[in-house]
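Heads up: the sequence lines are chains A and B, in that order. Numbered per the UniProt record's numbering, the first sequence spans residues 1 to 398. Numbered per the UniProt record's numbering, the second sequence spans residues 1 to 328. All C-beta atoms in this analysis are idealised placements derived from N, C-alpha and C, irrespective of residue type, glycine included. Right, one structure below, let's go through it.
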Amino acid sequence: MGIKRGLKVLAASALSLGLLAGCNASGGSEGSSGGGSGKVIKIATQTPLSGGSATLGESIKLGAQLALEENKKKFEDLGYKLQLQPYDDQADPKKGVANAQLIGSDKSILGVVGHLNSGVSIPSSEVYEKYKVPMVSPANTATEVTDRGLKTVNRIVARDDFQGPAGADFAINKLGAKKIFVVQDKTAYGTGLADAFKKAAEDAGAEILGYEGITVGEKDFNGVLTQVLSKKPDLVFFGGLYTEGGQLIRQARDKGIDIPFMGGDGMDSSTLVEIAGDAVKNVYYTSVAADASKSSDGQAFSSKYKEKFNKNVESYSAYGYDSMSVLLKGLEAAIEGSDGDLPSREKVAEEVRKIQDFQGVVTKVGFDDIGDNKFAKVYIYKFSEAKYPGVQEGEISK
Amino acid sequence: MLAEILQSLPQVLVDGIALGAIYAVIALGYTMVYGILELINFAHGEIFMTGAFIGVAMLILMTGMGWLAAMPAVLALILVLVVTSILTGFMGVGIERMAYRPLRNSPKLITLISAIGVSFLLQDLVRFITEYKRGNYILTGPSMFNEKFSIKFSSISSSFSDAFFKTSTLILIVAVVIMMVGLDFFVNKTKWGMAMRAVAQDRETASLMSINVNKVISLTFFIGSALGGATGVLFAVQYGTIDPYIGFILGLKAFTAAVLGGIGNIRGAMAGGLMLGILEMFAAANLQLLTGGIFGAEYKDVFAFAILIIVLIFKPEGLFGKAVTEKV
Chain A
1 MGIKRGLKVL AASALSLGLL AGCNASGGSE GSSGGGSGKV IKIATQTPLS
51 GGSATLGESI KLGAQLALEE NKKKFEDLGY KLQLQPYDDQ ADPKKGVANA
101 QLIGSDKSIL GVVGHLNSGV SIPSSEVYEK YKVPMVSPAN TATEVTDRGL
151 KTVNRIVARD DFQGPAGADF AINKLGAKKI FVVQDKTAYG TGLADAFKKA
201 AEDAGAEILG YEGITVGEKD FNGVLTQVLS KKPDLVFFGG LYTEGGQLIR
251 QARDKGIDIP FMGGDGMDSS TLVEIAGDAV KNVYYTSVAA DASKSSDGQA
301 FSSKYKEKFN KNVESYSAYG YDSMSVLLKG LEAAIEGSDG DLPSREKVAE
351 EVRKIQDFQG VVTKVGFDDI GDNKFAKVYI YKFSEAKYPG VQEGEISK
Chain B
1 MLAEILQSLP QVLVDGIALG AIYAVIALGY TMVYGILELI NFAHGEIFMT
51 GAFIGVAMLI LMTGMGWLAA MPAVLALILV LVVTSILTGF MGVGIERMAY
101 RPLRNSPKLI TLISAIGVSF LLQDLVRFIT EYKRGNYILT GPSMFNEKFS
151 IKFSSISSSF SDAFFKTSTL ILIVAVVIMM VGLDFFVNKT KWGMAMRAVA
201 QDRETASLMS INVNKVISLT FFIGSALGGA TGVLFAVQYG TIDPYIGFIL
251 GLKAFTAAVL GGIGNIRGAM AGGLMLGILE MFAAANLQLL TGGIFGAEYK
301 DVFAFAILII VLIFKPEGLF GKAVTEKV
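Given below as structure tokens:
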């Protein structure tokens, strides 16, 4: 009982936090209509709105909110009133699952945009699957998110295992690297990334001069760099995180190794620039998030977002927007499919999965049979000066 | 194969000596305390880490106030080194007073646990303060002594390649040599040094010879911690970035170096540290060549520790240690 009451209190506070707090009818909100504008359909967002990654979570929510408000008119014509229901998953799997239970039991919620963290997304989506609530993820890259083959789980960003091959493609075809030295940090992430890169690079005809490991937590990587120095590659690929990456780059530049370095999204951090300082020049990293300012659609989105919320866009704002748009498109199709009646969640999930060519502001969306986006791209960024973030240099599609 | 190893040898030696010098000074702290109390002071790695943070904080503060630009960099470094070593020295004395002295007569294992507790406490305290002040516990100091040099080994013989290093490497090695020579002189040639050696030999008898044992132990902790803190500053200048967990791995390796040289023996710790550093660097650079690609650089620690085991099998007291006859 205590737990349930606690959840109710939490739900109530989540409601009051929401921007639509005034409009929310408390208690049994099933099908009850506010001002005669038809039935209420809610779309939930689940992202961290408090804690360390609150900035990113908030930006996803705001992006989704923008898309929802733009579509309100269309759904009113169909006889439904759209509402956003934001939840705070606190980047915590336990909290995510608890919220997912609330979402599942609120019958008026027909879809979820979320989460930011794959680790939260994976257990929470088990609950969504149970209640058949369709989920569109704006940011989860872990392979396991879609590899479980759940019918309700979709994502619009690229998978982790595409980063290595995309990096190899760029290194060989755009940077002209022929002899590559690979360093990895012996963690699951680093080794996985480095192995995928190595395989793709070998298949593309590059020569791997060395494949070495370093230890996380150490600061001196001169031994490995001595090998790099004597083997003279044209590019060093590092599979690992920014702490070791920054040291490696810094010590390499001290040894006079001026060739380009490349890494995965583990290097996508302002701390990398802080650690490496000026040595960060000529370093490339891959990311699943596009720089919105590169396209005219993205620029229009950024200014709209800035105008409405008086905040600058973050890397995943536009992905929040696109996720919501995709979800609403599926919902619209489902409503049309049921001749204007309120569709079941299953029907909405089916329609979302069926989307094949939806043009969003940063990415085109078309889901394959496990919910991965066929048009997802990996973007290559470069540091040309000691300033974060880097500049988008290229994009690699599957 | 031999030609390739020879080719990279100058670079391996320069890097290995720099890393080994750091191991050596930290090893001194372990070995001095062990020599006197037969206590493995596991908090010593954390004192080194705290020294690094104090040093970087001071450097950042001095940069902010424009002092760093106003005075010669070497002078600034000396100032930071002195202040940091005094602070960490007193910290060491305080730790001994609070965490070890009340337990001096209890079983050795209990003091060891107390040391591990202190080490966690320091780690999280430093992490908390840094995160509170900077929002991120990874701290990067101002860039100093970044001029690059190369020694033209290739002009001696074409079978060598040039060795690259920075001014900070040179400063590190010089400072460590000064610290080691100073300590050696202090322990062997001064009255206080003699008192320390006496306490190390036999605490009770030393106290009967009118030596204030508690004072000597405090002094030992002060010197060991001051050296550790100063090394922390040198480490931060050399590697640029520090986090609250650097003390753990480095402390473990330095402790190994102390055992390799013969724990309780000061010159042994110096030699052990240098040897471990060079071995590790050599393994990281050449292990793949030596094993034909089966083992890579990630096995450098295995290589270094295998040598440690071999040394200990044939000389259990360490390279420089004297076999101690059991006290009755």
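Counting along the chain, V12 (chain B) sits inside the alpha helix (DSSP H) bounded by residues 2-37. For A254 (chain B), the closest of B:S207, B:G232, B:L290, B:V237 by C-alpha to C-alpha distance is B:G232.
For A285 (chain B), the residues of chain A that pass the 7 Å Cβ criterion are G223, T226, Q227, in the order they occur in the chain.
Between the alpha carbons of D234 (chain A) and G16 (chain B) lies a distance of about 26 Å. With the criterion set as a beta carbon lying under 9 Å from some beta carbon of chain A, the members of the stretch 239-273 of chain B are Y239, G240, T241, I242, D243, Y245, I246, F248, I249, L250, in sequence order.
Listed by position along chain A, the residues whose Cβ is nearer than 7 Å to that of S157 (chain B) form an empty set, because the closest Cβ is around 16 Å away. When C-beta distances to chain B are compared with 9 Å, the residues of the stretch 208-220 of chain A below that value are G210, Y211, E212, G213, I214, T215, G217, E218, K219, D220, in chain order. Comparing alpha carbon positions, the residue from A:A91, A:E69, A:Q90 closest to K81 (chain A) is A:E69. In the structure shown, S397 (chain A) falls within a strand segment according to DSSP collapsed to helix, strand and coil. Proximity of Q201 (chain B) to chain A, defined by a Cβ-Cβ separation below 8 Å, is not satisfied. In this structure, V97 (chain A) keeps its C-beta atom at 8 Å or more from the C-beta atom of S118 (chain A). Note that the C-beta distance between L59 (chain B) and P142 (chain B) is below 8 Å. In the displayed model, I86 (chain B) falls within a helix according to three-state DSSP. At least one CB atom of chain B sits nearer than 8 Å to the CB of S230 (chain A). Counting only Cβ-Cβ distances below 9 Å, Q7 (chain B) has contacts in chain A at S230, in chain order.
With a 10 Å radius around the Cβ and a threshold of 16 neighbouring Cβ atoms, Y379 (chain A) comes out buried. Beta-carbon to beta-carbon, V352 (chain A) and V136 (chain A) are separated by about 7 Å, close enough to satisfy the 8 Å threshold. Spatial neighbours of A24 (chain B) in its own chain (CB-CB distance under 6 Å, excluding positions within 5 residues in sequence) are listed in chain order as M270, G273, L274.
Residue state for N373 (chain A) is assigned as strand, using DSSP reduced to three classes. K191 (chain B) carries a helical assignment under DSSP once its states are collapsed to helix, strand and coil. Contact note: V12 (chain B) reaches chain A through T226, using a C-beta cutoff of 7 Å and chain order. With three or more CB-CB distances shorter than 8 Å, the stretch 228-246 of chain B counts as touching the stretch 173-181 of chain B. Using a C-beta cut-off of 8 Å, the stretch 50-58 of chain B makes no contact with the stretch 194-210 of chain B, since fewer than three inter-stretch Cβ pairs fall below that distance. Contact holds between the stretch 317-328 of chain A and the stretch 47-67 of chain A, because three or more Cβ pairs, one in each stretch, are under 8 Å apart. Interface annotation for the stretch 238-255 of chain A against chain B: T243, G246, Q247, R250, D254, K255, criterion Cβ-Cβ distance under 7 Å. Two segments are said to touch when three or more pairs of C-beta atoms, one from each, lie closer than 8 Å; by this definition the stretch 167-174 of chain B does not touch the stretch 266-276 of chain A.
For D220 (chain A), the closest of B:G224, B:Y239, B:I217, B:P10 by C-alpha to C-alpha distance is B:Y239. For R250 (chain A), the CB contacts under 8 Å within the same chain, skipping 5 residues up- and downstream, are I275, A276, G277, A279 in chain order. Nearest C-alpha to P93 (chain A) among A:Q83, A:K107, A:V120: A:V120. Around the Cβ of E144 (chain A), a 10 Å sphere holds fewer than 16 other Cβ atoms; the residue is exposed. For T271 (chain A), at least one C-beta of chain B is nearer than 8 Å to its own C-beta.
Beta-bridge partners of D88 (chain A) (DSSP): A:T47. Setting aside the 5 residues that flank it on each side, K377 (chain A) is surrounded in the same chain by E395, S397, each with a C-beta closer than 6 Å to its C-beta; the list follows chain order. Here E207 (chain A) is exposed: its Cβ has fewer than 16 other Cβ atoms, across all protein chains shown, within 10 Å.
Beta-bridge pairing by DSSP links E212 (chain A) to A:V183.
Within chain B, the residues E298 have their CB atoms less than 9 Å from the CB of K186 (chain A), given in chain order.
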